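Asker:
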Amino acid sequence: MSDEGESAPKKERKPPTKKVPIPEQPPNVRIRNFDEVALGYSAEQALAEAEKCMQCRNPKCISGCPVEVPIKDFINLIREHKFMEAAAKIKETNSLPAICGRVCPQESQCEVSCIYGIRNEPIAIGRLERFVADYARVKGETLPKLPPKIGKKVAIIGSGPAGLTCAGDLINLGYDVTIFEAFHKPGGVLIYGIPEFRLPKEIVTAEVDFLKRLGVEIKYNSVIGKIRTIHELMNEDGYKAVFIGSGAGAPNFMPIKGMSLTTVFSANEFLTRVNLMKGYKFPEYDTPVKIGKKVAVIGGGNVAMDAARTSLRLGASEVNIIYRRSREELPARAEEVHHAEEEGVQFNFLVNPTEVLGDEAGNVIGMQCIRMDLGEPDESGRRRPVPIKNSEFVMDLDTVIVAIGNSPNPIIPHTTPGLDVSRWGTIVINEETGMTSIPGVFAGGDIVTGAATVISAMGQGKNAARGIHAYLSG
Amino acid sequence: MYEIVFKQVLNPVTKMLVVRAPDIAKVCKPGQFVMIRVNETGERIPLTIGDFDRKKGEITIVFQEVGKTTKLLGSLEKGDYILDFIGPLGRPSETEKKYGTVVAIGGGCGSAIVYPVARAFKEAGNYLITINGARTMDLLLYRKQMEKISDEFYETTDDGSCGVHGFVTTVLSELIQSNRQIDLVFAVGPAPMMKFVSKTTEAKKIPTIVSLNSIMVDGTGMCGACRVTVGGQMKFACVDGPEFDGHQVDFNELLGRLNAYKTYEAESDKRWASQAGGASK
Ligand SMILES: Cc1cc2nc3c(=O)[nH]c(=O)nc-3n(C[C@H](O)[C@H](O)[C@H](O)COP(=O)(O)OP(=O)(O)OC[C@H]3O[C@@H](n4cnc5c(N)ncnc54)[C@H](O)[C@@H]3O)c2cc1C
Ligand SMILES: Cc1cc2nc3c(=O)[nH]c(=O)nc-3n(C[C@H](O)[C@H](O)[C@H](O)COP(=O)(O)OP(=O)(O)OC[C@H]3O[C@@H](n4cnc5c(N)ncnc54)[C@H](O)[C@@H]3O)c2cc1C
Ligand code: SF4
Ligand code: SF4
Ligand code: FES
Chain A
38 MSDEGESAPK
48 KERKPPTKKV
58 PIPEQPPNVR
68 IRNFDEVALG
78 YSAEQALAEA
88 EKCMQCRNPK
98 CISGCPVEVP
108 IKDFINLIRE
118 HKFMEAAAKI
128 KETNSLPAIC
138 GRVCPQESQC
148 EVSCIYGIRN
158 EPIAIGRLER
168 FVADYARVKG
178 ETLPKLPPKI
188 GKKVAIIGSG
198 PAGLTCAGDL
208 INLGYDVTIF
218 EAFHKPGGVL
228 IYGIPEFRLP
238 KEIVTAEVDF
248 LKRLGVEIKY
258 NSVIGKIRTI
268 HELMNEDGYK
278 AVFIGSGAGA
288 PNFMPIKGMS
298 LTTVFSANEF
308 LTRVNLMKGY
318 KFPEYDTPVK
328 IGKKVAVIGG
338 GNVAMDAART
348 SLRLGASEVN
358 IIYRRSREEL
368 PARAEEVHHA
378 EEEGVQFNFL
388 VNPTEVLGDE
398 AGNVIGMQCI
408 RMDLGEPDES
418 GRRRPVPIKN
428 SEFVMDLDTV
438 IVAIGNSPNP
448 IIPHTTPGLD
458 VSRWGTIVIN
468 EETGMTSIPG
478 VFAGGDIVTG
488 AATVISAMGQ
498 GKNAARGIHA
508 YLSG
Chain B
72 MYEIVFKQVL
82 NPVTKMLVVR
92 APDIAKVCKP
102 GQFVMIRVNE
112 TGERIPLTIG
122 DFDRKKGEIT
132 IVFQEVGKTT
142 KLLGSLEKGD
152 YILDFIGPLG
162 RPSETEKKYG
172 TVVAIGGGCG
182 SAIVYPVARA
192 FKEAGNYLIT
202 INGARTMDLL
212 LYRKQMEKIS
222 DEFYETTDDG
232 SCGVHGFVTT
242 VLSELIQSNR
252 QIDLVFAVGP
262 APMMKFVSKT
272 TEAKKIPTIV
282 SLNSIMVDGT
292 GMCGACRVTV
302 GGQMKFACVD
312 GPEFDGHQVD
322 FNELLGRLNA
332 YKTYEAESDK
342 RWASQAGGAS
352 K
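Going line by line, the protein sequences match chains A and B.
If you want this note's numbering, it's the 1-based position in the first sequence plus 37.
If you want this note's numbering, it's the 1-based position in the second sequence plus 71.
1. Taking B/I157 as the query, report the chain A residues whose CB atoms sit under 7 angstroms from its CB, ordered along the chain.
2. Give me the subset of the stretch 104–115 of chain B whose CB atoms are less than 8 angstroms from a CB atom of chain A, sorted by chain position.
3. Looking at chain D, is there any beta carbon in it that lies within less than 7 angstroms of the beta carbon of B/V185?
4. Using only CA atoms, which one of B/V239, B/L210, B/D230 lies nearest to B/F224?
5. Quick check on B/T131: does DSSP put it in helix, strand or coil?
6. Starting from B/L246, trace the alpha helix (DSSP H) in both directions and tell me its first and last residue.
7. Given a threshold of 16 other Cβ atoms within 10 Å of its Cβ, counted over all protein chains shown, does A/L165 qualify as buried or as exposed?
8. With a cut-off of 8 angstroms on the beta carbons, I'd call A/A333 and A/N357 a contact; round off their distance for me.
9. Which residues, taken in chain order from the stretch 320–333 of chain A, show a beta carbon closer than 7 angstroms to some beta carbon of chain B?
10. To be precise: take each residue of the stretch 210–242 of chain A, compare its Cβ to all Cβ atoms of chain B, and keep it if any distance is under 9 angstroms. Which residues remain?
11. Quick check on B/F192: buried or exposed, where buried means 16 or more other Cβ atoms within 10 Å of its Cβ?
12. Give me the pocket residues for ligand 5, defined as CB within less than 7 angstroms of any heavy atom, sorted by chain position.
13. Just grab the DSSP bridge partners of B/H236 for me.
14. Enumerate in chain order the residues of its own chain whose CB-to-CB distance from A/Y257 is below 6 angstroms, with the five nearest sequence positions on each side excluded.
15. Is there contact here, the stretch 100–114 of chain B with the stretch 277–291 of chain B, by at least three beta-carbon pairs under 8 angstroms?
16. Could you round the C-beta distance between A/G498 and A/M472 to whole angstroms and report it? I think they count as a contact, below 8 angstroms.
17. Do you know offhand how far A/K318's Cα is from B/R190's?
18. Within 7 angstroms (strictly less), CB to CB, does B/D316 reach chain A?
19. Check the DSSP bridge columns for A/V478 and list the partner residues they point to.
20. Is the beta carbon of B/K97 within less than 6 angstroms of some heavy atom of ligand 4?
21. Could one say the Cβ of A/P288 lies closer than 7 angstroms to chain B's Cβ atoms, at least one of them?
22. Per DSSP, which one or two residues make a beta bridge with A/P414?
23. Please tell me whether, using a cut-off of 6 angstroms, the distance from the CB of A/T490 to the nearest non-hydrogen atom of ligand 1 is below it.
24. For a contact defined as C-beta to C-beta under 7 angstroms, what are the partners of B/K266 on chain A?
25. Do the stretch 325–345 of chain B and the stretch 324–331 of chain A meet, that is, are 3 or more Cβ pairs less than 8 angstroms apart?
26. Let me confirm a value: A/A398 is counted as buried when at least 16 other C-beta atoms fall within 10 Å, else exposed. Which label applies?
27. Within its chain, find whatever has a CB closer than 6 angstroms to the CB of A/R361; leave out the 5 residues flanking it on each side and keep chain order.
28. Secondary structure at A/R408, three-state DSSP: helix, strand or coil?
29. Roughly how many angstroms lie between the CA atoms of B/P83 and A/T470, to the nearest whole one?
30. Taking the alpha-carbon positions, what's the B/G231 to B/N203 distance?
31. Out of A/I261, A/G462, A/T391, A/E269, state which residue places its alpha-carbon closest to the alpha-carbon of A/S428.
32. Using 10 angstroms around the beta-carbon of A/F479, count the other beta-carbons present and answer buried if the total reaches 16, otherwise exposed.
33. Check whether the stretch 120–135 of chain B touches the stretch 229–236 of chain A, counting contact only when three or more Cβ pairs, one atom from each stretch, lie closer than 8 angstroms.
34. Using a threshold of 7 angstroms, state whether the C-beta atoms of A/P288 and A/N70 are closer than that.
35. Can you tell me the Cα-Cα spacing of A/P445 and A/G284, whole angstroms?
36. For a contact defined as C-beta to C-beta under 7 angstroms, what are the partners of A/S303 on chain B?
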């Protein structure tokens with residue numbers, strides 16, 4: 038990609054432009070509340086940003102998006118002030134734009150390939166997507182016309198982005214769709230993982246309500262594998278197909294001493310207490326969340342950033358990210374890293390914990406770490422961190438939050454004979470159809486890929502919906 | 072919403088509720104538990120399925136009022152509803168096997184939980200010895216029922232107000248010292264009790280199963296709050312348990328973890344006492 042795309046002016050080169058800034062709560066204010074950090078574009082700001090899009094004849098942005106949102110077209114509709122039409126355009130391929138606009142790693146997906154971005158900051162596709170989706174939600178979207186009912190029932194396990202997307206596509210095709218959700222609220226990680234200040238729960242609820250209005254039924258408190266097995270759903274309850282979108286649920290801990298001290302938490306526990314159970318409103322809500330003064334969060338992904346920024350908001354005075362690679366390898370969204378830094382989270386790169394130290398009562402009093410160096414690239418292509426001899430040191434801490442990833446929850450594989458799983462416990466599917474080793478049983482999202490992104494989970498839910506339709510029409 | 076169809080006050084601090092939950096009643100097994108959330112602001116807490124009636128679609132829970140949530144639950148009456156009732160969770164007890172002589176031990180509220188398991192041991196053809204213990208006579212539970220299903224039945228109270236003056240381990244040690252053949256010990260009660268039962272049976276290597284009551288958030292293996300060290304390995308009590316080999320459990324760690332939220336629990340409890348809680352329904 039050496040040349041500049043089609044419309045580069047030859048003579049006077051304008052200086053590179055930046056994205057129209059998005060209004061935000063200032064860091065010193067927002068670290069004391071759980072309200073959303075980024076406030077969203079106004080119509081004027083959206084128009085100004087959309088105006089910069091070159092409407093490339095050969096746009097590169099679209100193929101960067103896992104669900105191929107018609108980016109060029111929706112931006113053009115914004116330019117024509119047709120915000121509702123722009124929202125409808127996005128919804129042709131992405132049923133949750135208000136969410137994706139907020140949480141997609143745009144810098145490595147749609148925006149990374151934007152041609153305008155070669156010389157400038159790329160077009161703020163995520164912010165524009167968010168703007169039109171919010172606009173349409175507030176205006177009130179009309180329900181699409183549904184085709185006549187096919188008369189076949191499909192069961193969806195899990196109401197995360199994979200399950201919601203699959204459910205939405207199937208109801209639009211005329212199936213009867215029931216979602217079984219283990220928790221008392223829908224949304225999966227969108228509800229219990231990603232904090233309110235990044236993704237207001239009201240938005241997730243609105244998206245789910247939209248599906249309910251289309252006729253999707255949701256059964257809460259239903260842990261499939263426990264209350265009902267997949268075989269029972271198919272053989273006794275009349276479901277013709279099942280989609281498993283149960284996510285990557287079980288938290289990993291490090292194989293080091295001190296992981297069971299009482300003030301060591303998995304990020305899942307910490308964030309679930311805060312988000313799902315509203316622990317930040319204790320004692321108005323009954324679920325407590327314990328936070329100390331000096332916190333270390335182990336990990337460098339979105340989960341780690343969320344845990345760190347949540348800790349600050351709960352009153353921790355010092356929050357450290359402990360990451361064993363360097364800044365370049367941080368897997369978190371760039372915007373979250375930037376926000377975390379603004380808020381005062383301290384980053385410790387090339388550091389790996391070797392032991393969490395505790396007192397008699399089991400409280401954390403410190404953590405021993407070792408410094409790392411980057412060696413040869415490993416299978417993932419990232420340079421492998423190797424410990425530097427005799428570089429151990431102790432950090433003074435009272436709380437440790439472990440955010441080093443999740444493993445697939447074993448409940449469904451254990452209760453579903455014949456379901457092929459990989460050696461990591463993820464469910465094996467046919468990439469094309471989304472079908473598992475059991476005919477009529479499909480899967481997608483984190484339970485298949487391992488921890489990934491909202492949009493990739495949605496892409497898989499979409500793909501499986503197509504697979505289910507083909508299977509049931511055949 | 073799950074309707075309470077029957078309520079019984081078993082003693083001043085222990086209540087029994089029968090709840091309509093047909094889907095759970097259809098499939099649950101002894102030893103499994105439910106997670107409940109009483110109302111919108113409520114916490115999720117685990118409670119063992121005390122009994123079930125598949126035909127009527129009902130689940131029995133028995134609980135001791137120790138803090139905010141159990142007190143709130145205890146204030147509900149027949150006809151009231153519980154917002155969320157999730158289960159059956161955890162692995163079932165292995166009760167179908169014939170071990171030989173089984174000693175089933177219930178401490179405090181644990182007696183109610185041990186009862187259906189003990190009954191299943193008896194039905195599987197085992198010789199059943201039960202030891203029922205509590206702080207004082209008023210708190211002994213399921214006395215008649217336990218006696219009825221047992222080949223031998225013992226009671227202990229810390230204050231000597233009923234049965235043997237001492238702990239459940241007082242009777243257990245005597246049984247062991249008298250060289251009785253014991254093939255399995257099954258104990259449910261406060262963590263310290265389970266710890267001492269496990270210690271008591273360790274020397275003679277009598278297989279001992281305990282049902283751990285660690286703090287839980289989801290109860291489905293998703294949060295790791297319930298982790299316990301068993302045989303040097305990290306286990307999640309909600310999916311790998313709640314029953315474990317008592318000789319392998321790191322009880323000191325469990326006891327520490329149970330205390331993690333003490334100050335918050337006290338705050339909640341105080342708030343409950345000063346607000347709605349004072350006025351019982
Ligand atoms: C804290 C955090 C922050 C993140 N931030 C971002 C981000 O900024 N951008 C991004 O793109 N991605 C982010 N991710 C990753 C993203 O959220 C996940 O990849 C995505 O949610 C996976 O979707 P899913 O539908 O596969 O599963 P999930 O969202 O995990 O949903 C699975 C659902 O299934 C339910 N379930 C599980 N087992 C059963 C069962 N047996 N029966 C019934 N129901 C069951 C669960 O309760 C849950 O509701 C983040 C993840 C976390 C944890
Ligand atoms: C798998 C499992 C099954 C359980 N089954 C039952 C049951 O059938 N009946 C029952 O009464 N309880 C049972 N428990 C324990 C029960 O979940 C707790 O008593 C309950 O969560 C306390 O909630 P709370 O808000 O009322 O009290 P909290 O405010 O959480 O605690 C109040 C006080 O009680 C003490 N406490 C907390 N947990 C326990 C405990 N487990 N045992 C004794 N004291 C405790 C605390 O130290 C604290 O001081 C079970 C626990 C598990 C993990
Ligand atoms: S869905 Fe995500 S990747 Fe696709 S265009 Fe929207 S923000 Fe970009
Ligand atoms: S967003 Fe970028 S790549 Fe896409 S059409 Fe506009 S300028 Fe071109
Ligand atoms: S209670 Fe969350 S993993 Fe066991």
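For each residue, glycine too, the CB sits at the ideal point set by N, CA and C.
Please read these numbers as outputs of a predicted model, since none were measured by experiment.
Answerer: In short, the structure shows the following:
1. N258, V260
2. R108, T112, G113, E114, R115
3. Absent here is chain D; the protein component of the structure consists of chains A and B.
4. B/V239
5. strand
6. 239–248
7. buried
8. 5 angstroms
9. P320, E321, Y322, D323, T324, P325, K327
10. A219, F220, H221, Y229
11. buried
12. A/E306, B/M287, B/V288, B/D289, B/G290, B/T291, B/G292, B/M293, B/C294, B/G295, B/A296, B/C297, B/F307, B/A308, B/C309, B/V310
13. B/T228
14. E218, H221
15. yes
16. About 14 angstroms separates the two Cβ atoms, so there is no contact after all.
17. 44 angstroms
18. no
19. A/V279
20. no
21. yes
22. A/R420
23. yes
24. Ordered by position in chain A, no residue passes the 7 angstroms Cβ test against B/K266, which lies about 15 angstroms from the chain.
25. yes
26. exposed
27. N389, M409, P422
28. strand
29. 60 angstroms
30. 13 angstroms
31. A/T391
32. buried
33. no
34. no
35. 7 angstroms
36. C294, G295
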